[in-house]
Ligand code: UT7
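Here it is as structure tokens:
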């Protein structure tokens with residue numbers, strides 16, 4: 152029995168925010184963002200639209216794409232670091248939105264590696280024989296992290312005004328992070344099937360000694376109260392990142408993980424048709440490509456249009472590659488991701 156992806160779908164919010172638009176709020180430029188990250192634009196959710204909403208759009212499409220109905224799903228795995236609420240998780244909210252049966256729903260907290268960890272869990276659940284059809288969702292609404300009180304409504308046409316110099320200076324303080332992230336969802340249906348295609352070896356890693364390189368200090372249950380005006384004013388409700396350290400880990404550990412799963416699968420790295428890499432930075436994607444000795448066409452990317460969408464990047468990229476006819480039967484694929492935790496790993500997949 153193999154775990155086969157039988158359907159995929161995506162959920163994209165309507166507001167397209169270009170680099171030029173961000174440059175009206177802070178000292179940044181289209182050139183800086185493109186050169187350092189490859190990002191040209193990203194999407195922002197509508198006010199009140201959460202990761203469950205985007206995940207529901209993606210899920211409905213994925214379930215229909217698999218030729219199934221919501222009632223056919225046996226278990227939900229929802230990966231997000233931007234849930235609608237601290238409690239409950241997105242799983243039960245998605246159950247209601249989709250009209251799913253009384254089935255178990257898991258909420259996964261592995262940030263950029265959430266989808267990859269979800270693949271492992273989906274495979275184990277299917278191999279156990281307890282579940283046949285898994286809905287795996289990766290969805291994020293990062294835009295609420297942004298300092299909206301500093302004129303961000305102008306980006307989505309909800310306000311028309313000139314940004315003051317003081318607001319511009321304050322927005323510039325978080326420009327190293329705010330320009331990178333966008334909102335999106337992707338979902339896949341994974342089913343147990345006999346045959347040669349499906350998920351192969353998966354290797355997951357965690358190094359908690361790197362937890363501090365990408366974290367958020369505010370809205371923390373180690374603080375009393377767990378969130379306060381003081382935290383917001385100090386910018387503690389926005390993630391902090393040692394960009395260069397994450398970059399270095401990403402270009403070293405993701406290629407290692409891909410090699411690891413290829414070796415276990417008995418497939419040469421050069422024999423991979425496509426490697427789907429977490430979309431955090433085009434320079435990272437190119438670095439992984441180079442480290443693995445792959446050609447550019449073996450490593451597709453869509454970060455230009457969406458920025459970093461954390462748990463959503465891999466299902467979003469997978470779906471777009473399928474829609475563009477890049478994924479055909481009999482191919483060798485690898486998925487790889489690295490992010491906050493640090494969590495990273497890779498999965499081999501035969502189409
Ligand atoms: O999903 C997993 C998590 N994230 C990642 O994997 C991200 C990994 N890291 C990266 O992608 C890169 O490190 C960044 C894109 C975050 C930053 O690129 P960098 O080449 O490491 O730039 P830097 O942080 O060294 O900053 C270079 C300069 C600084 O100015 P000075 O000190 O040289 O005068 C920054 O203040 O660029 C400045 N800068 C900006 N300038 C214009 C930082 N952000 C911006 C900006 N616009 N948005």
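Residue numbers (the working numbering): 152 to 502. C-beta atoms are modelled at their ideal positions from N, C-alpha and C, and glycine is treated no differently.
Among the options, which one has its Cα closest to the Cα of residue i?
i           : options            : result
residue 269 : 432, 338, 358      : 338
residue 162 : 500, 373, 471      : 471
residue 344 : 465, 261, 283      : 283
residue 293 : 279, 463, 375, 475 : 463
residue 460 : 328, 273, 245      : 328
residue 287 : 310, 315, 211      : 211
residue 496 : 380, 357, 465, 440 : 357
residue 239 : 367, 335, 223, 258 : 258
Start and end of the alpha helix (DSSP H) containing residue i?
i           : result
residue 408 : 394 to 416
residue 243 : 241 to 249
residue 170 : 170 to 174
residue 274 : 265 to 278
residue 192 : From DSSP, residue 192 is part of no alpha helix (DSSP H) but of the beta strand (DSSP E) over 192 to 195.
residue 439 : 433 to 442
Just to confirm the assignment, what range does the beta strand (DSSP E) spanning residue i have?
i           : result
residue 291 : 284 to 291
residue 337 : 335 to 344
residue 469 : It is not in any beta strand (DSSP E) - residue 469 instead sits in the alpha helix (DSSP H) that spans 464 to 474.
residue 256 : 256 to 259
residue 212 : Where residue 212 is concerned, there is no enclosing beta strand (DSSP E), although the alpha helix (DSSP H) it sits in stretches over 202 to 216.
residue 317 : Careful: residue 317 lies outside any beta strand (DSSP E), inside the alpha helix (DSSP H) at 316 to 323.
Where DSSP assigns a beta bridge to residue i, which residues make up the other side?
i           : result
residue 453 : Its beta-bridge partners do not exist; DSSP assigns none.
residue 495 : 356, 489
residue 163 : Note: residue 163 sits in no beta bridge, so no partner.
residue 154 : 343
residue 366 : 391
residue 534 : For the chain, the structure presents residues 152 to 502; residue 534 sits outside this window and is missing.
residue 229 : 258, 288
residue 349 : 501
residue 372 : According to DSSP, residue 372 bridges with nothing at all.
residue 459 : 332
For residue i, which residues in the same chain have their Cβ closer than 6 Å to its Cβ, ignoring the five residues on either side in sequence?
i           : result
residue 322 : 176, 177, 301
residue 499 : 351, 352, 412, 416, 485
residue 157 : 217, 340, 342
Within a Cβ cutoff of 8 Å, which residues of the same chain sit near residue i, ignoring the five residues on either side of it in sequence?
i           : result
residue 453 : 430, 467, 468, 471
residue 455 : 189, 190, 191, 192, 433
Return the chain-ordered list of same chain residues with a C-beta closer than 7 Å to the C-beta of residue i, the five sequence neighbours on each side being excluded.
i           : result
residue 173 : 179, 330
residue 325 : 298, 386, 389
residue 199 : none
residue 422 : 483
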